[in-house]
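Top line first, the protein sequences correspond to chains L and Z.
So in numbering that gives the first Met the number 0, the last one in the first sequence is 298, and the numbering has no gaps at all.
So in numbering that gives the first Met the number 0, the last one in the second sequence is 257, and the numbering has no gaps at all.
Using N, Cα and C, we set each Cβ at its ideal position, and we do this for glycine too.
Quick caveat, the model's predicted, so the values are computed rather than measured.
Notes to accompany the following structure.
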Amino acid sequence: MKKLILALPLGLAVVASLLFLGSSSAKAEDENGCLTCHGNPGFTKTDGSGRVISLYVNKELVNVAAHRFIDCTTCHGDSPHNSNSPLTKLSLAEKCGQCHKYEYTQHINSVHGQQLKQGNSDVATCVDCHSSTQNPHNIIRVLEYNAPAFKKNISQTCARCHDDPELMANYGVVEKVYESYMRSFHGKAIKLGTYEVTQIDQATCTNCHGVHDIKSAGDPTSPVAGVDSLAQTCESCHKGAGTEFAKGFLGHKEASPDHVAPVYYAEKFFSALLVTVLSVGAVIVVSSGVRYGINRWRD
Amino acid sequence: MTTETRAIPLEGTQTETITRFDIHQRIQHIFLALSFIDLVLTGLPLKFSNAGISQWWVALWGGIEATRLAHRVGAWVIVMVSLYHIAYLIYTVAVQRKPFPVKMLPSLKDIQDFFHDFAYAFGIRKEKPLYDRYDWRQKFDYWAIFWGMPVMAGSGFVLMFPVFMTKFLPGWIVPAALVAHSDEAMLALTWIFVVHIFFSHFAPGSFPANTSIFTGKVSRQKYRKEHPIEYARITGEKLTVKDEHIADIPVPTEDDVK
């Protein structure tokens with residue numbers, strides 16, 4: 000009994016220290032105190048053309064960002080106030096590429112990067128997939144569950160653009176790629192899977208289309224261009240998959256009389272069967288149920 | 000068809016109950032029911048993966064790997080039960096020459112009974128049809144499984160081994176199997192959970208459950224009421240089945256009993 004009483008203050012101490020230690024949150028590296036001014040939401044400047052530009056950096060977001068332990072000057076230079084760099088998606092990608100050289104090279108040769116070089120700001124660059132706020136101050140590492148590039152979230156990240164029919168119409172992408180992916184076993188496995196790291200072997204957009212080096216499906220160098228390279232891509236997970244296996248993929252399209260007709264007719268046959276049999280079943284149950292009720296009431 | 004019409008030597012005719020199902024039939028039904036429930040519980044969240052409850056349910060099982068494993072175990076059990084049933088069927092019909100599996104074959108009387116039952120439900124006819132060993136609903140349930148099992152097992156096998164199956168079958172067999180598996184499953188589970196559950200659990204005299212398929216036994220009184228033609232054949236008894244509500248059910252004639 001005495002030993003138990005001794006355990007009480009010990010337990011309290013453990014709980015108190017846990018609370019105390021747990022309360023300290025991550026702080027971003029800020030050697031020069033930049034956030035003293037830039038942490039102020041109303042902090043703006045007006046450029047030569049009269050455009051108001053926000054100079055605000057959200058402390059809460061930057062405190063949990065992947066780059067929180069590198070100082071602002073790493074990206075913004077030693078005299079950040081004198082910099083007058085053009086702020087475009089391309090300049091942003093080039094900035095990331097100063098350290099992430101391999102990813103930058105792949106990205107700039109991808110379908111996104113090639114458009115970026117031509118000044119198209121529709122396309123995705125680093126921050127679009129690596130920050131949930133499309134903000135370079137809030138890059139989240141891919142193995143964190145809330146990262147837009149975390150396996151479970153990738154399809155939704157791609158869907159931000161690729162599920163927008165108006166935007167996709169400009170590029171001739173008429174397939175409902177996100178919906179058809181979510182209908183597939185790959186999509187369902189991602190949807191029903193957990194956020195555990197073991198789930199990263201589930202297939203999502205990037206497993207077939209590539210990651211930083213993503214190509215248009217019409218590009219002959221794409222891993223999904225043509226049934227032979229598609230079969231090779233399938234085989235990276237489905238060992239022994241051949242071209243017939245790859246032909247079983249509906250290409251993000253619904254089956255129709257012109258597109259994989261047997262599947263279309265199977266759909267028609269089974270829905271007709273379903274509707275017919277269940278209608279008969281409903282009539283049987285309702286009519287018998289009413290008769291049982293009448294008989295019971297008469298008794 | 001030269002079906003023997005001799006009286007079936009069922010035990011228990013002198014006591015209060017009649018043995019309707021033997022041990023094999025009861026084992027087959029219980030394993031069929033258990034594997035079916037398992038397959039429904041682990042298959043439905045995959046079909047309705049967007050529903051929040053599916054995500055919660057799969058997480059409760061321990062993730063999609065756990066439900067997938069449980070679905071495959073259920074699949075092999077239901078296939079084994081089906082093979083057991085086929086073997087049992089061959090043995091009882093060809094070796095033991097028991098007449099009751101033959102009683103499951105559909106006949107003209109089932110179509111007549113189907114319309115007769117509707118007429119009864121709508122009050123056009125005052126008496127229920129007289130059923131033999133199996134009524135048309137029971138026959139439909141049975142033959143629906145004879146259609147459904149090959150569809151479900153065949154398409155499920157394609158989905159379980161897609162790489163292997165596309166070695167010698169065209170690629171579209173995989174998405175077609177998915178369509179067949181998904182729609183046929185919805186048909187089967189809706190039928191079972193609406194029609195079968197209604198008639199086996201909520202019909203008069205069956206609430207809360209018609210236990211004959213579990214115990215194998217039916218009381219003489221119930222047997223006489225629900226399967227009068229079979230009852231007359233077993234007992235050799237001429238009987239007037241009193242319809243509990245409306246009218247006298249005519250005594251089965253010699254033709255009915257055949």
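Does any CB atom of chain Z fall closer than 8 Å to the CB of residue i?
| i | result |
| --- | --- |
| I153/L | no |
| S255/L | no |
| G292/L | no |
| H237/L | yes |
| K246/L | yes |
| G241/L | yes |
| V289/L | yes |
| T232/L | no |
| F269/L | yes |
| V196/L | no |
| S286/L | yes |
| L3/L | no |
| V262/L | yes |
| G192/L | yes |
| E93/L | no |
| K187/L | yes |
| V259/L | yes |
Can you confirm whether residue i, when its beta carbon is compared against all beta carbons of chain L, has any partner nearer than 8 Å?
| i | result |
| --- | --- |
| V92/Z | no |
| N49/Z | yes |
| L45/Z | yes |
| Q54/Z | yes |
| I63/Z | yes |
| F35/Z | no |
| M185/Z | yes |
| T165/Z | yes |
| V217/Z | no |
| V162/Z | yes |
| F20/Z | no |
| A120/Z | yes |
| F114/Z | no |
| T4/Z | Bear in mind that a pLDDT of 43 at T4/Z, under 50, signals an unreliable position, so the model cannot answer this. |
| F206/Z | no |
| W75/Z | no |
Beta carbon of residue i, beta carbon of residue j: below 8 Å?
| i | j | result |
| --- | --- | --- |
| K214/L | S109/L | yes |
| H258/L | K267/L | no |
| A158/L | H185/L | no |
| S48/Z | L191/L | yes |
| L186/Z | L272/L | yes |
| I17/Z | I172/Z | no |
| F269/L | G170/Z | no |
| I189/L | S154/L | yes |
| A118/Z | W190/Z | no |
| A120/Z | R290/L | yes |
| W258/Z | D109/Z | Only positions 0 to 257 of chain Z appear in this structure, which leaves residue 258/Z out of reach. |
| I138/L | H66/L | yes |
Give the residues of chain A in contact with residue i, contact being defined as C-beta atoms less than 9 Å apart.
| i | result |
| --- | --- |
| W190/Z | In the displayed structure, chain A is absent; the protein chains listed are L and Z. |
Residue range of the alpha helix (DSSP H) that residue i falls in?
| i | result |
| --- | --- |
| K58/L | K58 to N62 |
| T189/Z | I172 to T189 |
| T275/L | A260 to R297 |
| I189/L | F184 to L191 |
| I153/L | I153 to H161 |
| L34/L | L34 to H37 |
| E195/L | First-last for E195/L: undefined, no H or E at that position. |
| S228/L | G225 to E234 |
| Q105/L | K100 to I107 |
| Q114/L | V110 to K116 |
| H129/L | C125 to H129 |
| F145/Z | W135 to M159 |
Can you tell me where the beta strand (DSSP E) holding residue i begins and where it ends?
| i | result |
| --- | --- |
| K44/L | T43 to T45 |
| S53/L | V51 to S53 |
| I139/L | Note, I139/L: premise wrong, no beta strand (DSSP E); not H, not E. |
| I17/Z | T16 to T18 |
So is the beta-carbon of residue i under 7 Å away from any non-hydrogen atom of the ligand NAD?
| i | result |
| --- | --- |
| N57/L | Inclusion of the ligand NAD in the displayed structure is not the case, the ligand content being empty and no account of it being possible. |
Exercise. Counting Cβ pairs closer than 8 Å, one from the segment 116-126 of chain L and one from the segment 83-96 of chain L, do we hit at least three?
Worked result: yes
Could you tell me which whole alpha helix (DSSP H) segments of length 4 or greater appear in the segment 194-233 of chain Z?
211-214 and 219-225
* Asked: Three or more beta-carbon pairs under 8 Å between the segment 145-159 of chain Z and the segment 201-214 of chain Z, yes or no?
  -> no
*Does the segment 196-211 of chain L come close enough to the segment 140-155 of chain L that 3 or more CB-CB pairs lie under 8 Å?*
yes
Exercise for review: Would you check if there are 3 or more beta carbon pairs closer than 8 Å linking the segment 132-141 of chain L to the segment 164-175 of chain L?
Suggested key: no
Task: Validate contact between the segment 82-91 of chain Z and the segment 54-71 of chain Z using beta carbons, cut 8 Å, 3 pairs - done: no
Three CB pairs or more closer than 8 Å across the segment 27-38 of chain L and the segment 101-118 of chain L: no
Query - Length-filtered (4 minimum) alpha helix (DSSP H) runs lying within the segment 35-70 of chain Z - result: 51-60
Practice problem: Entirely within the segment 104-128 of chain Z and at least 4 residues each: give me those alpha helix (DSSP H) ranges in chain order. | Solution: 107-120
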